[in-house]
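Reviewing the structure listed below.
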Amino acid sequence: MAQEEFPGWHGTTIIGVKKGGEVVIAGDGQVSLGNTVIKGTARKVRRISPGGFDVLAGFAGSTADAFALLERLEAKLEATPGQLQRAAVELAKDWRTDKYLQKLEAMLIVSDGKQMYVITGAGDVLEPEHDVTAIGSGGNYALAAGRALMDSDMSAEEIARRSMAIAADICVFTNGSLTVETLS
């Protein structure tokens with residue numbers, strides 16, 4: 001089968017919400033190949049602790065590529081303990097300039113409980129304007145829902161869960177099997 005005929009992997013939806021001194025990153029569990037669900041319970045949100053410093057990371061895109069990026073992020077955090085922004089910028093610079101890393105197809109949302117960033121292969125390190133961000137195939141749906149719910153009395157976790165439920169109702173590449181990680 002020619003490369004352009006291969007149906008391609010689709011997944012996932014990840015949302016990050018920062019509210020009331022709490023940061024939540026939530027992700028669904030669906031991985032699809034073309035129009036077929038391959039797995040419904042993948043874990044695409046992780047807690048990493050380089051040097052005892054907790055960071056939440058959620059990824060969308062190729063799983064193997066995302067794990068390679070998470071390993072690099074951990075190494076950057078070990079080299080710059082407690083400096084998420086610096087580690088994120090260093091990872092983005094490497095990702096943009098390294099010939100091996102340039103081929104990686106994934107995006108990350110990372111947070112240390114104080115700061116939250118989206119890191120892309122284009123060299124972007126983006127801090128959300130409204131304390132909510134989302135990536136992946138259902139990311140725009142989750143982002144719109146999250147932005148609408150930010151003014152409510154809901155907690156960060158409640159907003160993340162409700163936003164993911166809305167995205168799962170709309171996006172065929174998103175399901176309701178969630179992994180949720182929280183930092184206070």
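Residue 37 in UniProt numbering sits at position 37 of the sequence shown, and the numbers go up by one each step.
Quick reminder that beta carbons are idealized off the backbone N, C-alpha and C, glycines included.
Beta-carbon proximity of residue i to residue j, cut-off 7 Å
i       : j       : result
Val-132 : Gly-113 : no
Ala-92  : Ile-109 : no
Gln-16  : Met-116 : Per the sequence shown, residue 16 should be read as Gly rather than Gln. A contact, by the Cβ cut-off of 7 Å.
Glu-78  : Ile-48  : no
Leu-149 : Ile-159 : yes
Thr-13  : Lys-44  : no
Met-107 : Gly-61  : yes
Ala-26  : Val-172 : no
Ser-177 : Gly-34  : no
Ser-184 : Glu-71  : no
Ala-64  : Arg-46  : no
Arg-162 : Gly-123 : no
Straight-line Cα distance separating residue j from residue i
i           : j       : result
Gly-52      : Arg-86  : 17 Å
Ala-66      : Asp-153 : 34 Å
Gly-121     : Ala-88  : 11 Å
Lys-103     : Ala-144 : 30 Å
Ile-166     : Lys-76  : 35 Å
Asn-140     : Thr-174 : 12 Å
Gln-30      : Val-37  : 7 Å
Lys-19      : Lys-99  : 38 Å
Asp-28      : Thr-80  : 30 Å
residue 202 : Ser-111 : Missing from the structure shown is residue 202; the chain here goes from 1 to 184 and no further.
Pro-50      : His-130 : 28 Å
Val-125     : Ala-68  : 18 Å
Asp-151     : Asp-169 : 22 Å
Pro-128     : Ala-42  : 26 Å
Glu-105     : Ser-32  : 15 Å
Phe-59      : Asp-94  : 18 Å
Opening and closing residue of the beta strand (DSSP E) in which residue i lies
i       : result
Leu-108 : 106-111
Ser-32  : 31-33
Lys-39  : 36-39
Ala-134 : 132-136
Thr-13  : 13-19
Where the alpha helix (DSSP H) through residue i begins and ends
i       : result
Glu-157 : 156-170
Gly-146 : 139-149
Anticipated Cβ contact below 8 Å, residue i with residue j, distance rounded
i      : j       : result
Val-55 : Ala-156 : Rounded, the Cβ-Cβ distance is 16 Å, inconsistent with contact.
- Message: Going residue by residue through the stretch 43-97, where are the continuous alpha helix (DSSP H) segments of at least 4 residues, counting only ones entirely within it?
- Response: 63-79 and 84-97
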